[in-house]
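Visitor: To start, I am sharing the structure in question, which I have written as structure tokens.
Number of protein chains: 2
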Amino acid sequence: MQGGRGDREMTDRYIVGVDLGGTSINVGVLPYAGGRVLGMRSLPTEPQRGAKFVVDRMIELIRAAMKDARREGAIPDDGFIGIGIGSPGPLDRRTGTVLETPNLGWRNFPLRDLIANAIGLEAVLDNDANCAALGEFWQGAARHVRHLVGVTLGTGIGGGIVVDGRVFHGASDLAGEIGHMTIDSTGRKCNCGNYGCLEAYASGPAIAARAVEGLEANGNSLLPALVEGDLTRVTAETVYEAIVAGDLYAREVMRETANFLGTGLANLINLMNPEMIVISGGVTRAGGHLLGPLRTEVRRRAFRGGFESCEIVTSELGGMAGVVGAVATYKVERCGGL
Amino acid sequence: MQGGRGDREMTDRYIVGVDLGGTSINVGVLPYAGGRVLGMRSLPTEPQRGAKFVVDRMIELIRAAMKDARREGAIPDDGFIGIGIGSPGPLDRRTGTVLETPNLGWRNFPLRDLIANAIGLEAVLDNDANCAALGEFWQGAARHVRHLVGVTLGTGIGGGIVVDGRVFHGASDLAGEIGHMTIDSTGRKCNCGNYGCLEAYASGPAIAARAVEGLEANGNSLLPALVEGDLTRVTAETVYEAIVAGDLYAREVMRETANFLGTGLANLINLMNPEMIVISGGVTRAGGHLLGPLRTEVRRRAFRGGFESCEIVTSELGGMAGVVGAVATYKVERCGGL
């Protein structure tokens, strides 16, 4: 660490991690040196109630988490050094501004300083997928790995590139947008306006949409029954439930998902040759139904040497990756490294 | 520079650069501090005559280039500090071994040490596309750019990623294989065995193949006349000649090429967010016929912020990029940086 304080002085210091998602806000506290998350708190984001509501809720959660952590960890009042915030992007790290988030409806929103001023602690802001990848490097599946790519599968598909313990941000903080890699140049329309993006095939909503589209030709599927005939209610979760119930069609939908995702990961490997790819998000609950065909497709498409030197694993931190990674981001940005 | 010698001592030192390609071998000498290439020599590779022939020819060219450079630059006999070699890959930089080159027919070939021992100078080996990208950073189009990707368009499509003055090699020296990025997961078969690779659409041979395939439906094209009716002789060069002669079909083939390439570059931008992409190779002679529609397609597919922060330019070093870049590679590997 290259910050202004010595390591010894830092050992009794704590950092707040905030994970802002489209669905929920998670907040926790970690010791400077890492370890167990203290004071973990979570509430729904409810973005439809407006930006002020969301920010107030974040502040309320941070205060509550700090209070709980103080008690759990016997932390003195001046034991907190700062706040790391992971947010959907794209964003400007220098100014701490969220430039655009379709899921929250924000534009050019000065999130970092609103939080920092309300709490009275210095804050840093980074992309949620970047934070998750850095969290896996610090305390998760990618400990001791020099070069990893984290892939978050959810409403969208995000990515974070970590090289030598730091996030690779690129020229304008936009590196890692794996979800918007074209894998089929004349393919499905994506929310971003482009055609054939990975996200248009393998995000949660895309999996659900493909499942519903194929139902007509697969009359035996259990999917309609699982949503009481209301196909608008099919989600990636429903597809997973159908697989567990033995539905062959749902299994086939997941196999196709694995193929699309495998194409994207093979591109990643051929381009970046990482030591590890860490996949996170609800879809990973499909386990072997996803990972088996995924590895097969990556092996088929990537260079052999690149495939062989890349471990493909699922997240160890799960839902905690965002909070742990936000703390890690603060450490890297303000304390010189992990 | 962090090597064993002081900068002052290095100013009168020289490094040999070797650019081994499937078609020709180029060799030149550069001063440690950069500048004009001295003693430039070039001969066809003629790989069909065997590995020993090619290596002997490389050694002969290196000796001749050093002799000429000594005279041109008034270099003392002990003025040479080492040799940088750029070779088709994949290769193992640590052992200096070329692992596999379809174009040369080599496998596990200890190229670096054969050259180093014959000349009596230390040598380093890296991928030719990596060398070209580093050359553009050192003395070409990407001077003062922190983060660039070089794309070489030829018999294959190669890529080199440069970050903060160093090549990004990945876990096993395979990073940057842009040509084998899938852009159409059910598309054209590639030489690598995969389907829908960028190289299967936009390499020289792929451009020629697509041009010939579409001829039947485009009877007015000048292409058949340019090869005296022997369509096996159509090359990317022929397509370019037809464009110059005003052939609308050839122009359309180049526009399609630009679209495929644009999809690949948009993927690069969304994933790596570079400040600059430097394109090199014969196809860039098509100039605006390629670059105009290329930029349009990249704008259409990449994130706006990523597109706006990325200059897309053609090589400044042209055919010299390999030699200049091989010298740059030696400097980075053995002298601590450029």
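Residue numbers (the numbering used here), protein chains in the order written: chain F, 1203 to 1540; chain U, 1203 to 1540.
The C-beta atom is built at its ideal place from N, Cα and C for all residues, glycine as well.
Looking only at its own chain, which residues have a Cβ that is under 8 Å from the Cβ of Ile1385 (chain F), when we skip the five neighbours before and after it?
Guide: Working through the first sequence from its first residue, we reach residue 1385 (chain F) at position 183. These residues qualify, in order along the chain: Gly1398, Cys1399, Leu1400, Tyr1403, Phe1462, Thr1465, Gly1466 and Asn1469.
Visitor: What do you reckon, are the CB atoms on Leu1306 (chain F) and Arg1314 (chain F) nearer than 8 Å?
Guide: For this step, residue 1306 (chain F) is matched to residue 104 along the first sequence. For this step, residue 1314 (chain F) is matched to residue 112 along the first sequence. No, they are not a contact pair.
Visitor: When we look at the beta-carbon of Ala1410 (chain F) and count the other beta-carbons within 10 Å, is it buried (16 or more) or exposed?
Guide: Taking the first residue of the first sequence as position 1, residue 1410 (chain F) is located at position 208. When all chains shown are included, Ala1410 (chain F) counts as buried.
Visitor: Does DSSP classify Gly1490 (chain F) as helix, strand or coil?
Guide: Indexing the first sequence from 1 puts residue 1490 (chain F) at position 288. Gly1490 (chain F): helix per DSSP, three-state reduction.
Visitor: What are the start and end residues of the alpha helix (DSSP H) that includes Phe1255 (chain F)?
Guide: Reading the first sequence from its first residue, position 53 is the one you call residue 1255 (chain F). First-last of the alpha helix (DSSP H) with Phe1255 (chain F): Ala1253 to Gly1275.
Visitor: Could you pull out every residue in the same chain whose Cβ sits closer than 6 Å to the Cβ of Ile1481 (chain F), ignoring the five residues on either side in sequence?
Guide: Along the first sequence, read from residue 1 onward, the residue named residue 1481 (chain F) stands at position 279. Excluding residues within five positions, the ones whose Cβ falls inside 6 Å are Val1353 and Thr1516.
Visitor: For chain U, is any of its Cβ atoms less than 8 Å away from the one on Cys1333 (chain F)?
Guide: Counted from its first residue, the first sequence places residue 1333 (chain F) at position 131. It does not: the Cβ of Cys1333 (chain F) has no partner Cβ on chain U nearer than 8 Å.
Visitor: Would you report the Cα separation of Gly1252 (chain F) and Arg1259 (chain F), rounded to the nearest angstrom?
Guide: By 1-based counting over the first sequence, the position of residue 1252 (chain F) is 50. By 1-based counting over the first sequence, the position of residue 1259 (chain F) is 57. Straight-line Cα distance between these residues: approximately 11 Å.
Visitor: Measure from the C-beta of Cys1537 (chain U) to each C-beta in chain F and report whether the shortest distance is under 8 Å.
Guide: Stepping through the second sequence from its first residue, residue 1537 (chain U) is reached at position 335. Not one chain F Cβ lies under 8 Å of Cys1537 (chain U).
Visitor: Starting from the beta carbon of His1349 (chain F), find every residue of chain U whose beta carbon is closer than 8 Å, and list them in chain order.
Guide: The residue labelled residue 1349 (chain F) in the question sits at position 147 within the first sequence. What His1349 (chain F) touches in chain U: Gly1372 and Ala1373.
Visitor: Beta-carbon of Ile1380 (chain F) versus every beta-carbon of chain U: anything under 8 Å?
Guide: In the first sequence, the residue the question calls residue 1380 (chain F) occupies position 178. With 8 Å as the cut-off, Ile1380 (chain F) counts as an interface residue toward chain U.
Visitor: Can a CB atom of chain U be found closer than 8 Å to the CB of Leu1376 (chain F)?
Guide: Counting from one through the first sequence, the residue named residue 1376 (chain F) turns up at place 174. Leu1376 (chain F) counts as touching chain U.
Visitor: Nearest chain U C-beta to Asp1330 (chain F) closer than 8 Å, yes or no?
Guide: Counting from 1 along the first sequence, the entry for residue 1330 (chain F) is found at position 128. For Asp1330 (chain F), the answer is no, since every Cβ of chain U falls outside 8 Å of its Cβ.
Visitor: What residues of chain U sit near Arg1503 (chain F), judged by a beta carbon separation below 7 Å?
Guide: The residue you call residue 1503 (chain F) lines up with position 301 of the first sequence. Chain U residues near Arg1503 (chain F): Thr1384 and Asn1396.
Visitor: So, does the CB of Gly1208 (chain U) fall closer than 8 Å to a CB anywhere in chain F?
Guide: As a working mapping, residue 1208 (chain U) is identified with position 6 in the second sequence. For Gly1208 (chain U), the predicted model reports a pLDDT of 47, less than 50, meaning its position is unreliable and no value from the coordinates is stated.
Visitor: Looking only at C-alpha atoms, which of F:Gly1538, F:Thr1225, F:Pro1476 and F:Leu1424 sits nearest to Gly1378 (chain F)?
Guide: If you number the first sequence from 1, residue 1378 (chain F) lands on position 176. Nearest of F:Gly1538, F:Thr1225, F:Pro1476 and F:Leu1424 to Gly1378 (chain F), Cα basis: F:Pro1476.
Visitor: Looking only at C-alpha atoms, which of F:Arg1265, F:Arg1412, F:Thr1247 and F:Pro1290 sits nearest to Leu1240 (chain F)?
Guide: Taking the first sequence and counting its residues from 1, one reaches residue 1240 (chain F) at position 38. It is F:Arg1265.
Visitor: Could you spell out the range, first to last residue, of the beta strand (DSSP E) harbouring Thr1516 (chain F)?
Guide: The residue labelled residue 1516 (chain F) in the question sits at position 314 within the first sequence. Glu1513 to Thr1516 is the span of the beta strand (DSSP E), which, as asked, contains Thr1516 (chain F).
Visitor: Who are the near neighbours of Gly1483 (chain F) in its chain, counting only those whose CB is closer than 7 Å to its CB and skipping five residues on each side?
Guide: Translated into positions along the first sequence, residue 1483 (chain F) becomes position 281. For Gly1483 (chain F), where only same-chain residues beyond five positions count, the Cβ hits under 7 Å are Thr1354, Leu1355 and Gly1356.
Visitor: If I'm right that Gly1381 (chain F) touches Ser1405 (chain F) with Cβ under 8 Å, what's the distance once you round it to whole angstroms?
Guide: Residue mapping note: residue 1381 (chain F) aligns to position 179 of the first sequence, counting from 1. Residue mapping note: residue 1405 (chain F) aligns to position 203 of the first sequence, counting from 1. Sure, about 7 Å apart at Cβ, within 8 Å.
Visitor: Would you check if the segment 1526-1536 of chain F and the segment 1489-1496 of chain F touch, i.e. whether three or more CB-CB distances between them fall below 8 Å?
Guide: no
Visitor: Thinking Arg1487 (chain U) and Tyr1451 (chain U) are a contact (beta carbons under 8 Å), I'd like their distance in whole angstroms, please.
Guide: Within the second sequence, the letter at position 285 stands for residue 1487 (chain U). Within the second sequence, the letter at position 249 stands for residue 1451 (chain U). Not really, about 18 Å apart at Cβ, beyond 8 Å.
Visitor: Give a yes or no on whether the C-beta atoms belonging to Ala1174 (chain F) and Leu1424 (chain F) are separated by under 8 Å.
Guide: The question about residue 1174 (chain F) has no answer here: the residues shown for chain F are numbered 1203 through 1540.
Visitor: Using a Cβ cut-off of 7 Å, pull out every chain F residue sitting near Pro1476 (chain U), in sequence order please.
Guide: Counting from 1 along the second sequence, the entry for residue 1476 (chain U) is found at position 274. Those are Gly1372 and Ala1373, listed as they occur along chain F.
Visitor: From F:Arg1501, F:Asp1375, F:Ser1244 and F:Met1212, pick the residue whose C-alpha is nearest to that of Gly1521 (chain F); which is it?
Guide: The residue labelled residue 1521 (chain F) in the question sits at position 319 within the first sequence. Here the closest residue by C-alpha is F:Ser1244.
Visitor: To the nearest angstrom, how far is the alpha carbon of Val1369 (chain U) from that of Leu1232 (chain U)?
Guide: On the second sequence, residue 1369 (chain U) is found 167 positions in, with the first residue counted as 1. On the second sequence, residue 1232 (chain U) is found 30 positions in, with the first residue counted as 1. Taking the straight line from one Cα to the other gives about 20 Å.
Visitor: Comparing the CB of Glu1338 (chain U) with every heavy atom of the ligand MG, is any distance shorter than 7 Å?
Guide: Looking at this structure, you won't find the ligand MG or any other ligand, since it has none at all.
Visitor: So, for Asp1270 (chain F): in the same chain, excluding its five sequence neighbours on each side, which residues have a beta-carbon less than 6 Å away from its beta-carbon?
Guide: Indexing the first sequence from 1 puts residue 1270 (chain F) at position 68. Counting only Cβ-Cβ distances below 6 Å, and skipping sequence neighbours, we find Gly1241.
Visitor: Here's the rule: buried if 16 or more other CB atoms are within 10 angstroms of the residue's CB, otherwise exposed. What is Ala1413 (chain U)?
Guide: The residue given as residue 1413 (chain U) occupies position 211 in the second sequence. Flag for Ala1413 (chain U) reads buried.
Visitor: What residues in its chain sit with their C-beta under 7 Å from that of Ala1523 (chain F), if we drop five residues either side in the sequence?
Guide: On the first sequence, residue 1523 (chain F) is found 321 positions in, with the first residue counted as 1. Closer than 7 Å at Cβ, skipping near neighbours: Ala1334, Gly1337, Glu1338, Gly1342, Ser1482 and Ser1517.
Visitor: Using a C-beta cutoff of 8 Å, does Val1526 (chain F) count as contacting chain U?
Guide: On the first sequence, residue 1526 (chain F) is found 324 positions in, with the first residue counted as 1. Not an interface residue.
Visitor: Tell me, please, whether the CB atom of Pro1292 (chain U) is closer than 8 Å to any CB atom in chain F?
Guide: The count along the second sequence starts at 1 and reaches residue 1292 (chain U) at position 90. Yes, because at least one Cβ of chain F sits closer than 8 Å to the Cβ of Pro1292 (chain U).
Visitor: In the DSSP output, which residue or residues are listed as bridge partners for Ser1150 (chain F)?
Guide: Residue 1150 (chain F) lies beyond the residue range present for chain F, which begins at 1203 and ends at 1540; the question has no answer from this structure.
Visitor: Rounded to whole angstroms, what is the Cα-Cα separation between Gly1372 (chain U) and Met1474 (chain F)?
Guide: Within the second sequence, numbered from 1, the residue matching residue 1372 (chain U) stands at position 170. Within the first sequence, numbered from 1, the residue matching residue 1474 (chain F) stands at position 272. Looking at the two C-alpha atoms, the distance is approximately 6 Å.
Visitor: Do you know how far the Cα of Tyr1234 (chain U) is from the Cα of Asn1396 (chain F)?
Guide: Residue 1396 (chain F) sits at position 194 when you count from the first residue of the first sequence. Residue 1234 (chain U) sits at position 32 when you count from the first residue of the second sequence. The straight-line gap separating the alpha-carbon atoms of Asn1396 (chain F) and Tyr1234 (chain U) is approximately 46 Å.
Visitor: In chain order, what residues of the same chain have a beta carbon less than 6 Å from the beta carbon of Pro1312 (chain U), not counting five sequence neighbours either side?
Guide: Within the second sequence, the letter at position 110 stands for residue 1312 (chain U). Once the five neighbours on either side are set aside, the close Cβ partners of Pro1312 (chain U) are Thr1299.
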